[in-house]
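Under the working numbering, the letters of the sequence shown match residues 493 to 890, in that order. Cβ atoms here follow ideal geometry from the backbone N, Cα and C, with glycine treated the same way. Only one structure is covered here, and it is reproduced in the block below.
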Amino acid sequence: MKRELNKNFSKSEIGLMGSLLINDILYMFLNTFMVAYFITLTNYNYKHISIYYVLSFIGILIIFLSFAKVVKNKNQIIIFRSGIILYCLYILSLALLKERIIDYYMILGFTYGIVQGLFWAAGHVLVNYHTKQNVNRFTSFKSMIGKTLKIFFPIIFGTTIEITSFSYIAKIIVILSIIQFIFSLFIKDMGNRKTKKYNLIEYLKFIKDKPKFKDIYKISCCDGIVHYLLETLITILIVMTFKTSISLGIITTIASICSIISVYIFQYKLKSNWKILCVSSIAMVTSVIILLISINKTSIIIYNLCNAVFLVLLMNTAETKGYEIINEDKKISEGYVVEHQVTWQLFLNISRIIGYLILFVVSLFNNIFVFKFLLVIVTIIIVYYSLLLIRLKRGEGK
Numbered sequence: 493m494k495r496e497l498n499k500n501f502s503k504s505e506i507g508l509m510g511s512l513l514i515n516d517i518l519y520m521f522l523n524t525f526m527v528a529y530f531i532t533l534t535n536y537n538y539k540h541i542s543i544y545y546v547l548s549f550i551g552i553l554i555i556f557l558s559f560a561k562v563v564k565n566k567n568q569i570i571i572f573r574s575g576i577i578l579y580c581l582y583i584l585s586l587a588l589l590k591e592r593i594i595d596y597y598m599i600l601g602f603t604y605g606i607v608q609g610l611f612w613a614a615g616h617v618l619v620n621y622h623t624k625q626n627v628n629r630f631t632s633f634k635s636m637i638g639k640t641l642k643i644f645f646p647i648i649f650g651t652t653i654e655i656t657s658f659s660y661i662a663k664i665i666v667i668l669s670i671i672q673f674i675f676s677l678f679i680k681d682m683g684n685r686k687t688k689k690y691n692l693i694e695y696l697k698f699i700k701d702k703p704k705f706k707d708i709y710k711i712s713c714c715d716g717i718v719h720y721l722l723e724t725l726i727t728i729l730i731v732m733t734f735k736t737s738i739s740l741g742i743i744t745t746i747a748s749i750c751s752i753i754s755v756y757i758f759q760y761k762l763k764s765n766w767k768i769l770c771v772s773s774i775a776m777v778t779s780v781i782i783l784l785i786s787i788n789k790t791s792i793i794i795y796n797l798c799n800a801v802f803l804v805l806l807m808n809t810a811e812t813k814g815y816e817i818i819n820e821d822k823k824i825s826e827g828y829v830v831e832h833q834v835t836w837q838l839f840l841n842i843s844r845i846i847g848y849l850i851l852f853v854v855s856l857f858n859n860i861f862v863f864k865f866l867l868v869i870v871t872i873i874i875v876y877y878s879l880l881l882i883r884l885k886r887g888e889g890k
């Protein structure tokens with residue numbers, strides 16, 4: 493695999509991939525096991541986690557809008573590495589606070605947004621610049637390795653939390669963060685290139701008559717619900733149904749194995765096309781409907797298997813198109829990469845904020861029927877999300 497990696501990817505691409513993969517592991521810890529920890533500490537009251545995420549997405553938006561000029565015209569890699577360092581410190585603070593994270597959840601939520609904002613404000617742009625001719629292979633390969641890592645880390649995290657404590661994870665996090673920083677040293681900075689100054693308003697005027705870009709930003713809006721909110725909803729259901737972090741780890745591991753097989757078969761062997769996306773969307777909608785009929789261990793496992801096999805294909809397609817779309821217009825690829833990423837994140841985080849505010853309202857009722865109504869909304873958005881992706885794929889003739 494190492495020989496293949498060196499053959500297919502540049503030094504900067506390898507550095508980026510390593511950094512992003514470790515970020516995915518840290519993200520999995522925070523957005524799966526920390527959600528479970530929060531819910532357990534609050535006796536299955538998920539309003540705290542809703543506000544936590546709302547504040548974090550506000551923090552991300554603020555950073556993207558504030559640092560866009562720096563990322564475009566000055567130094568991207570310093571911003572990127574700052575995000576890595578602060579991410580490590582943030583998780584260490586969670587470990588030190590232990591049960592007291594409930595007392596500081598609003599501050600922690602906003603801080604998490606700042607950390608993620610710094611990492612991704614530079615990260616997305618670096619991916620655009622360094623994988624310009626290789627983004628589909630880069631995304632698919634990263635997805636497969638990421639799912640491979642998720643075979644082991646959910647079990648490690650889940651078992652460690654159950655046997656020792658939530659704070660013991662800090663030792664693993666420090667090691668991962670050091671490796672992530674080392675990977676970042678391989679990435680070439682692209683922020684000092686001679687390019688036009690950052691101008692978001694000018695970019696928005698430029699794309700107003702470009703239907704494909706409008707579709708990408710609609711997909712971004714849906715992604716905030718389909719990916720992030722749905723993931724939190726399912727984590728809540730798993731914890732409420734199975735009760736332990738070990739069960740959560742085992743389910744996540746099994747799902748990761750299925751995802752590896754799915755990505756390999758559909759994106760490497762069958763070459764993912766719009767027909768496969770149709771099948772994926774039908775499978776996802778069916779799995780959520782099964783949950784609506786009855787929330788139990790069997791329906792949750794069925795959903796997770798469909799999520800692992802089919803939702804990963806939809807999300808990989810969305811991520812790839814978000815990067816690829818830039819190369820379809822020379823003026824944008826040469827002068828508006830940062831503006832595109834800011835716009836993408838603007839729509840994504842606004843939808844995330846709306847989604848988690850709805851989750852907060854649902855938490856006030858503390859009623860399973862209201863919770864299921866939220867799942868109905870998510871199901872409708874999955875359908876729209878899929879239709880947009882299928883339209884883009886059919887437009888490629890694939």
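Beta-carbon within less than 7 Å of residue i's beta-carbon, same chain only, minus the 5 sequence neighbours each way: which residues are those?
{"i": "V830", "result": "A560, V563, K564, V617, Y690"}
{"i": "D681", "result": "N567, Q568, I569"}
{"i": "F863", "result": "V854"}
{"i": "Y582", "result": "T603, Y604, V607"}
{"i": "I965", "result": "Examination of residue 965 is not possible in this model, given that the chain is present from 493 through 890 alone."}
{"i": "L497", "result": "With a pLDDT of only 44 at L497, under the threshold of 50, the placement of this residue in the model should not be trusted; the figure read from the coordinates follows. Cβ neighbours of L497 beyond the five flanking positions: I506."}
{"i": "F530", "result": "H540, I541"}
Going straight from the alpha carbon of residue i to that of residue j, what length do you get?
{"i": "S808", "j": "F630", "result": "A quick correction: the sequence has Asn, not Ser, at residue 808. Those two C-alpha atoms are separated by around 11 Å."}
{"i": "I846", "j": "A528", "result": "22 Å"}
{"i": "V546", "j": "K688", "result": "33 Å"}
{"i": "K539", "j": "G507", "result": "38 Å"}
{"i": "E723", "j": "T871", "result": "13 Å"}
{"i": "I793", "j": "I743", "result": "8 Å"}
{"i": "E694", "j": "L729", "result": "44 Å"}
{"i": "M598", "j": "T534", "result": "15 Å"}
{"i": "Y848", "j": "I717", "result": "9 Å"}
{"i": "G827", "j": "F678", "result": "25 Å"}
{"i": "I670", "j": "F857", "result": "43 Å"}
{"i": "K822", "j": "F802", "result": "33 Å"}
{"i": "I842", "j": "I726", "result": "21 Å"}
{"i": "V777", "j": "L840", "result": "21 Å"}
{"i": "T532", "j": "I749", "result": "27 Å"}
{"i": "A775", "j": "L880", "result": "17 Å"}
{"i": "S632", "j": "I514", "result": "16 Å"}
Evaluate residue i with the Cβ neighbour count: other Cβ atoms within 10 Å of its Cβ, from every protein chain shown; 16 or more gives buried, anything less gives exposed.
{"i": "K503", "result": "exposed"}
{"i": "T790", "result": "exposed"}
{"i": "Q625", "result": "exposed"}
{"i": "S786", "result": "exposed"}
{"i": "L668", "result": "buried"}
{"i": "D715", "result": "buried"}
{"i": "N859", "result": "exposed"}
{"i": "S779", "result": "buried"}
{"i": "N500", "result": "exposed"}
{"i": "E591", "result": "exposed"}
{"i": "L867", "result": "buried"}
{"i": "I674", "result": "exposed"}
Please state whether DSSP places residue i in a helix, a strand or coil.
{"i": "I872", "result": "helix"}
{"i": "L677", "result": "coil"}
{"i": "Y544", "result": "helix"}
{"i": "I570", "result": "helix"}
{"i": "D516", "result": "helix"}
{"i": "Y529", "result": "helix"}
{"i": "I661", "result": "helix"}
{"i": "Y828", "result": "coil"}
{"i": "I667", "result": "helix"}
{"i": "I576", "result": "helix"}
Leaving aside the five residues before and after residue i along the sequence, list all residues of the same chain whose C-beta is less than 6 Å from its C-beta, in chain order.
{"i": "A747", "result": "N796, A800"}
{"i": "L588", "result": "none"}
{"i": "K700", "result": "none"}
{"i": "D516", "result": "G638"}
{"i": "Q833", "result": "H616, V617"}
{"i": "M493", "result": "A caution first: M493 carries a pLDDT of 42, below 50, which makes its placement in the model unreliable, though a value can still be read off. Excluding sequence neighbours, M493 sits near nothing in its chain."}
Terminal residues of the continuous alpha helix (DSSP H) containing residue i?
{"i": "G615", "result": "597-622"}
{"i": "T534", "result": "From DSSP, T534 is part of no alpha helix (DSSP H); its letter is neither H nor E."}
{"i": "G716", "result": "Counting along the chain, G716 falls outside any alpha helix (DSSP H), and DSSP gives it neither H nor E."}
Can you list, in chain order, the residues of its chain with a C-beta nearer than 8 Å to that of residue i? Leave out the 5 residues immediately preceding and following it.
{"i": "F602", "result": "L547, S548, I550, G551"}
{"i": "I882", "result": "W766, L769, C770, S773"}
{"i": "G814", "result": "I708, I711, S712, W836"}
{"i": "T610", "result": "Here the sequence assigns Leu to residue 610, which means Thr is not the residue at that position. Result list for L610: I555, F559, I571, F572, S574, G575, L578, in chain order."}
{"i": "E820", "result": "K704"}
Mind checking whether the beta-carbon of residue i lies closer than 7 Å to any heavy atom of the ligand NAP?
{"i": "I594", "result": "By its list of ligands, the structure shown contains no ligand whatsoever, and the ligand NAP lies outside what it can speak to."}
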